[in-house]
Amino acid sequence: LAVSAASAHYVLDYPTRIGFDDEKLDQAPCGSFDPTDRSAGVTKWSIGGSNIAVTSTHARVRWQFNVALVSDPTRWLPLVKEFGQTGVGNVCFKGVPGISAWANQQAVLQVIQYGHDGVLYQCAAIEIVAGGPDPVPNSCKNSNGISIDSLVPAPVLPAPVGSSSSSSLTATGA
1 LAVSAASAHY
11 VLDYPTRIGF
21 DDEKLDQAPC
31 GSFDPTDRSA
41 GVTKWSIGGS
51 NIAVTSTHAR
61 VRWQFNVALV
71 SDPTRWLPLV
81 KEFGQTGVGN
91 VCFKGVPGIS
101 AWANQQAVLQ
111 VIQYGHDGVL
121 YQCAAIEIVA
131 GGPDPVPNSC
141 KNSNGISIDS
151 LVPAPVLPAP
161 VGSSSSSSLT
171 ATGA
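For the sequence shown, counting from 1, position 57 maps to 57 in full-length UniProt numbering; every step adds exactly one.
Below, the structure is given as structure tokens:
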């Protein structure tokens with residue numbers, strides 16, 4: 001699906017987004033799209049780190065990357081701590097970790113942008129897989145003038161329902 005970045009707040013370029021409607025990006029959790037939708041394709045997401053590419057049209061924003069299992073699409077867990085980015089254009093976030101306890105699970109990645117005009121949401125269908133970090137594709141590059149805060153893995157996350165170990169859900173990678 002081709003999307004004009006000139007008219008958008010931001011566009012999730014990779015992984016493949018579930019859908020895009022610039023007028024509804026403010027609708028949580030996925031910009032008005034069903035977080036369990038797999039029809040646009042499913043991207044493998046390595047627990048050792050995968051990449052997110054966006055086109056951002058705002059000069060100063062904050063980002064948050066969350067994940068939920070398709071079986072529980074209302075329980076979002078952070079992959080990294082919220083961080084900032086400045087500059088306009090193509091932005092590549094490298095080595096975003098997965099949750100090791102969720103290997104071989106169908107999930108949804110939620111990419112949230114906090115900008116001057118509010119909170120905006122886009123999602124991608126993913127399958128969390130062992131391994132990584134994934135190589136950075138040639139298409140995942142930062143435009144001139146882009147500055148990104150360091151990506152810090154999220155702290156130990158709460159255990160899923162039915163689990164006896166709270167340390168089993170950690171975001172890994174850098």
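From the three backbone atoms N, C-alpha and C, an ideal C-beta is built for every residue, glycine too.
Exposed or buried, which one is residue i when buried takes at least 16 other CB atoms within 10 Å?
| i | result |
| --- | --- |
| Ser165 | Note that Ser165 scores a pLDDT of 37, beneath 50, so its modelled location is shaky and nothing firm can be said. |
| Val91 | buried |
| Ser56 | buried |
| Asp134 | buried |
| His116 | exposed |
| Gly145 | exposed |
| Val161 | In this prediction, Val161 has a pLDDT of 42, which is less than 50 and means its spatial position is unreliable; what the coordinates show is noted afterwards. Exposed. |
| Arg75 | exposed |
| Ser139 | exposed |
| Gly132 | buried |
| His9 | buried |
Given residue i, which residues of its chain have a CB within under 6 angstroms of its CB, disregarding the five upstream and five downstream residues?
| i | result |
| --- | --- |
| Tyr14 | Ala53 |
| Arg38 | Ala125 |
| Pro137 | none |
| His58 | Gly115 |
| Lys24 | Gly31 and Ser32 |
Starting from the C-beta of residue i, find all residues in its chain whose C-beta is less than 8 angstroms away, skip the five residues before and the five after it, and write them out in chain order.
| i | result |
| --- | --- |
| residue 181 | This structure cannot settle anything about residue 181, because the visible part of the chain is limited to 1 through 174. |
| Gly118 | Asp26 |
| Asn66 | Trp76, Leu77, Pro78, Leu79, Leu109, Gln110 and Ile112 |
| Ser150 | Phe83 |
Compare the beta carbon distance of residue i and residue j with 7 angstroms and say whether it is the shorter of the two.
| i | j | result |
| --- | --- | --- |
| Tyr114 | Ala28 | no |
| Asp22 | Ser32 | no |
| Val152 | Val80 | yes |
| Ile99 | Gln64 | no |
| Pro35 | Pro73 | yes |
| Ala68 | Val108 | yes |
| Gln85 | Ile148 | yes |
| Val88 | Ser50 | no |
| Arg60 | Glu82 | no |
| Thr16 | Gly41 | yes |
Take residue i and list the residues in its own chain whose beta-carbon comes closer than 7 angstroms to its own, dropping the five residues that flank it on each side.
| i | result |
| --- | --- |
| Lys141 | Asn90 and Cys92 |
| Ser46 | Gly98, Val129, Gly131, Gly132, Pro133 and Asp134 |
Is the Cβ of residue i closer than 7 angstroms to any Cβ of chain B?
| i | result |
| --- | --- |
| Tyr114 | Here chain B cannot be found, since the structure has a single protein chain. |
From what residue to what residue does the beta strand (DSSP E) around residue i run?
| i | result |
| --- | --- |
| Ala68 | Arg60 to Leu69 |
| Gly84 | Phe83 to Thr86 |
| Gln110 | Gln105 to Gly115 |
| Glu127 | Gly118 to Val129 |
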